[in-house]
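Numbering (this note's numbering), first residue to last: 425 to 550.
(1) Could you name each continuous alpha helix (DSSP H) segment of 4 residues or more that falls completely within the stretch 443-502, going from the start of the chain to the end?
(2) Taking the beta strand (DSSP E) that residue 537 falls in, what are its first and last residues?
(3) Using the Cα positions of residue 532 and residue 505, report the straight-line distance between them to the nearest angstrom.
(4) Roughly how many angstroms lie between the CA atoms of residue 443 and residue 513, to the nearest whole one?
(5) What is the DSSP secondary structure of residue 504, counted as helix, strand or coil?
(6) Over what stretch of residues does the beta strand (DSSP E) that includes residue 510 continue unbroken?
(7) Can you say whether residue 547 is buried or exposed, counting buried as having 16 or more other CB atoms within 10 angstroms of its CB?
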């Protein structure tokens, strides 16, 4: 079962994404802040990270760089309410960029695609 970690400071977003992705067969873990995030990634060992850009305690783009430095092959989907960050140079380090929406079709598609690209055997289980 593929493991997905969701980092977003808004609880309803974490809960909503978690519910939707769990119903598709993913094992989901969530975090509301960047505090000890790299340690949590080490412990949970996700196959994919969904990362908000504007977090209460840190800059998601800076956290993306830290994730890339410690886990270069871990797929990361940046997820933001703001389309303007898509064009930030630091955003290019992400595998995908999704603008938050009430329709989760794009997010679910990017999750599936990211997991297929990095570990095809993971998506066969779903």
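Quick reminder that beta carbons are idealized off the backbone N, C-alpha and C, glycines included.
In brief:
(1) Along the stretch 443-502, the alpha helix (DSSP H) occurs as fully enclosed runs of 4 or more residues at 461-468, 484-494, listed in sequence order.
(2) Where residue 537 is concerned, there is no enclosing beta strand (DSSP E), although the alpha helix (DSSP H) it sits in stretches over 529-542.
(3) Within the model, the alpha-carbon separation for residue 532 versus residue 505 is close to 16 Å.
(4) 32 Å
(5) Correct three-state label for residue 504: strand.
(6) Run containing residue 510: none; DSSP gives neither H nor E here.
(7) In this prediction, residue 547 scores a pLDDT of 48, lower than 50, which makes its location untrustworthy; no coordinate-derived value is stated.
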